[in-house]
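**Student:**
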Ligand code: C5P
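Residue numbers (my numbering): 5 to 225.
1) Using only alpha-carbon positions, find the residue among 81, 48, 8 that is nearest to residue 38.
2) Is the Cβ-Cβ distance between residue 23 and residue 136 less than 8 angstroms?
3) Consider the C-beta atom of residue 86 and the heavy atoms of the ligand GTP; say whether any pair is separated by less than 7 angstroms.
4) Enumerate in chain order the residues of its own chain whose CB-to-CB distance from residue 201 is below 6 angstroms, with the five nearest sequence positions on each side excluded.
5) Quick check: the stretch 43–63 against the stretch 173–180, are there 3 or more CB pairs under 8 angstroms?
6) With distances taken Cα to Cα, identify the nearest neighbour of residue 114 among 126, 68, 31, 97.
7) When you compare only the Cα positions, how much space is there between residue 21 and residue 30?
8) Compute the Euclidean distance between the alpha carbons of residue 223 and residue 214, then round it to the nearest angstrom.
9) Specify, as a first and last residue, the run of the beta strand (DSSP E) that residue 114 falls within.
10) Using a threshold of 7 angstroms, is the CB atom of residue 171 nearer than that to any non-hydrogen atom of the ligand C5P?
11) How about residue 159 and residue 18: do their beta carbons lie closer than 8 angstroms?
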């Protein structure tokens, strides 16, 4: 049986993974898994419902029970139990809460099958931290996309300003460093390149250049 192809794109916050994954999926007509959105959703729900972050079983049960739909209200849209979560999860607090619930092994385990179910014909682009190491260890092509932390903070700053949201560059830099530290040093599924990943440093590359490189790597298979 021919396996459905999977391209994994892992890397730290602000490396451009989200945009690159979307563009590669569009170019190939593949499905897209934004795994960070799943962690962000749980983080936002936990915050809103005042769930105890030490109650790991409750958090794992909560994420399993949520009815989550991607793309129903247009590209990039996310609904949770019928409510539009597209903007809520993109706020800084959503990313921060995601990295807190993402450090809990029971939560990661509870999300595993949901993520595997995204692998559908004709193929999948999976964006995250552990796509190539844990979720799809036999992926067709693995990319680890990175960039200097200063460049990543600058990109995030420009994105927020363009959206009319106030931002302070040194604060963003500190938050990114904290999140990198938490994601890289946790005991389960830490952020690190798979042994067989192609490492792409996007510090001095445009999005178009990164997309072209990923598509070239995918074309070899
Ligand atoms: O990619 P994104 O910025 O949306 O991810 C938000 C947070 O979710 C990350 O900082 C990380 O802690 C967590 N995450 C994870 N595993 C993934 C995707 C995201 O732990 N596969």
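By construction, the Cβ of each residue, glycine as well, lies at the ideal position given by its N, Cα and C atoms.
All figures in this text were calculated on a predicted structure; none of them were measured in a lab.
**Tutor:** From the atom records:
1) The residue labelled residue 38 in the question sits at position 34 within the chain shown. Taking only the C-alpha atoms, the option nearest residue 38 is 81.
2) Sequence index remark: in the chain shown, residue 23 carries index 19 (1-based). Sequence index remark: in the chain shown, residue 136 carries index 132 (1-based). Taking 8 angstroms as the Cβ cut-off, residue 23 and residue 136 do not qualify as a contacting pair.
3) Only the ligand C5P can be found as ligands here, which leaves the ligand GTP out of the picture.
4) Sequence index remark: in the chain shown, residue 201 carries index 197 (1-based). For residue 201, where only same-chain residues beyond five positions count, the Cβ hits under 6 angstroms are 136, 146, 148.
5) Contact between the stretch 43–63 and the stretch 173–180 is absent: fewer than three C-beta pairs spanning the two stretches fall below 8 angstroms.
6) Working through the chain shown from its first residue, we reach residue 114 at position 110. It is 68.
7) For this step, residue 21 is matched to residue 17 along the chain shown. For this step, residue 30 is matched to residue 26 along the chain shown. Between residue 21 and residue 30, the alpha-carbon positions lie close to 14 angstroms from each other.
8) Position 219 of the chain shown, counting from 1, holds the residue named residue 223. Position 210 of the chain shown, counting from 1, holds the residue named residue 214. So the alpha carbons of these two residues sit roughly 14 angstroms apart.
9) Reading the chain shown from its first residue, position 110 is the one you call residue 114. Looking at the DSSP string, residue 114 is not in any beta strand (DSSP E); the run it does join, the alpha helix (DSSP H), is 109–120.
10) Taking the first residue of the chain shown as 1, we reach residue 171 at position 167. Incorrect: residue 171 has no Cβ contact closer than 7 angstroms to the ligand C5P.
11) Residue mapping note: residue 159 aligns to position 155 of the chain shown, counting from 1. Residue mapping note: residue 18 aligns to position 14 of the chain shown, counting from 1. Yes, Cβ-Cβ distance for residue 159 and residue 18 is below 8 angstroms.
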